[in-house]
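Start counting the sequence shown at 1429; every next residue gets the next number (the numbering used here). Before any comments, here is the structure.
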Amino acid sequence: MTSVDLVIIGGGSAGMSAAVAAYDAGLRNILLLERGNALGGILLQCVHNGFGLHRFKEELTGPEYAYRYEKQVRERGIPFKLETTVLDITADRVVTAINSEDGIFTVQAGAIILAMGCRERPKGALNIAGTRPAGIFTAGTAQKYINIDGYMPGNEVVILGSGDIGLIMARRMTMEGAKVKAVCELMPYSGGLARNIEQCLHDFNIPLMLSHTVVEIHGRERVTGVTVAKVDERRRPIPETRQYIACDTLLLSCGLIPENELTRSAGIPLDRITNGAQVDQNRQTAIPGIFACGNVLHVHDLVDYVSEEAEIAGRAAAAFVQGKNTAPACEIALRTDGKVRYTVPQRITAEEDVRVYFRVADVYRGVTITVRDGEQMIFSKKKGKVAPGEMESVTLTAAQLSKVKSGCLEFSLCLDEAKGGESA
């Protein structure tokens, strides 16, 4: 068994950002483990632009963004192992991994950062009736086939789900010559960014069918079509609205699931909404010395926010190894009212400025975001519109946190009736 100060699991944008931040905070004995054959993670197949606007103040493609951080990793001489799969981690920070060069090996880490990203929800999790023909792909798989392997998945396409990757693939398939018949979304609103709805669907005249889902898949050897139906307010299909759409390809963009099998094996408590670990403002989990960041913690809209969060984890992990972490100055739990679905972090342990990320449960117009300590108002901010597809954030200052007496803050949305506040 070898020993290192910090093991980072995952060499995507989160893992590389965390490694660079930890190095710049003074750590030198770092090991980055990546199961792919190159650093960069999912960014390598995202050849469209739109990355880096917040981080680098310029528009980059996914590979360009990844290269910015890979270059920093290489310039600092941070060691990394590719094509290495981590099999297990323990609560006392022992990492077991395997690759073709070293075989099975173990590493005792002073700290661990989890940056494994997430995976797509597959067809088997959706319970769609019908046969099991060829031509059904998750949107990310189709993206890899086109952008990395150079294969065209199909010619006539229906997309189920309007997450960002589904919207982007609607545009990509159209640009490659396919006909995208429709994008069906179960919810009454899109799960993607507003800019992607505009640039990927409206600009290409691709219909978005809200409150619709695929209820049956047709075809034996290959998909020949799908039956879609409108759903009611309880998301149950309405039989009389069924319609058949001929197609040879069905792409699924039905949500992302954080890759938390390793997190569970270490006994780290997960948040039931995010499916990621419960963390404090330093992105430290319930087990001291194990941190989480990026999409394995909660699904982000923008890679810029992934890098920002990973830097927090990297600096905090370095401080932990260096013995600079002090005992918690406070213990403040963050709760939500239902309109706000979740917050990250879930708890705050220091009276310092903390940026709290959150998502809402529906599209709301004319709202006030409030943070309360019982009856005491800690924070209040008016917003014209919030939507589930776009992550929100507020910054709580050290002065505001010092006023908390109950040990619990509630995040809530108040609809502004005077301005016609409504759920839409």
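Here a beta-carbon is modelled for each residue, glycine too, at the ideal position from N, C-alpha and C. Predicted model only: the values in this text are computed from it and were never measured.
- Between the region 1723-1735 and the region 1441-1455, the count of Cβ pairs shorter than 8 Å is three or higher; the stretches touch.
- In the displayed model, aspartate 1699 falls within coil according to three-state DSSP, outside both helix and strand.
- When Cβ pairs closer than 8 Å are counted between the two stretches, the region 1502-1519 is seen not to touch the region 1675-1682, the count staying below three.
- One thing to note: glycine 1619 has its Cβ within 9 Å of the Cβ of glutamate 1613.
- Around the C-beta of phenylalanine 1632, fewer than 16 other C-beta atoms lie within 10 Å, and the residue is accordingly described as exposed.
- Exclusion of the five residues before and after valine 1522 leaves Thr1534, Gln1536 as the residues of its chain whose Cβ lies within less than 7 Å of its Cβ.
- Beta-bridge analysis with DSSP links threonine 1796 to Lys1810, Cys1842.
- Glycine 1545 and leucine 1698 have their C-alpha atoms spaced approximately 15 Å apart.
- In the three-state scheme derived from DSSP, where H, G and I count as helix and E and B as strand, arginine 1711 is classed as coil.
- Nearest neighbour of asparagine 1527 by Cα position, chosen from Asp1516, Ala1519, Ile1517, Leu1510, turns out to be Leu1510.
- In this structure, glutamate 1687 sits away from valine 1731, with a CB-CB distance that is not shorter than 9 Å.
- Between the alpha carbons of alanine 1747 and valine 1822 lies a gap of roughly 25 Å.
- Within the same chain, and ignoring the five residues on either side of valine 1659 in sequence, the residues whose Cβ sits closer than 8 Å to its Cβ are Leu1614, Ser1639, His1640, Thr1641, Pro1665, Ile1666.
- The residue among Arg1496, Lys1485, Leu1455, Leu1459 with its C-alpha nearest the C-alpha of leucine 1471 is Arg1496.
- One thing to note: valine 1611 has its Cβ within 9 Å of the Cβ of leucine 1636.
- Per DSSP, methionine 1597 is not a residue of any beta strand (DSSP E); the alpha helix (DSSP H) it occupies stretches across 1592-1603.
- Considering only Val1768, Val1784, Arg1763, Asn1703, the residue with the shortest C-alpha distance to isoleucine 1740 is Val1784.
- The alpha carbon of glutamate 1838 has as its nearest neighbour, out of Phe1786, Ala1606, Leu1542, the alpha carbon of Phe1786.
- Only residues of its own chain outside the window of five on either side were considered, and among them Lys1767, Arg1769 have a CB closer than 6 Å to the CB of alanine 1789, listed in chain order.
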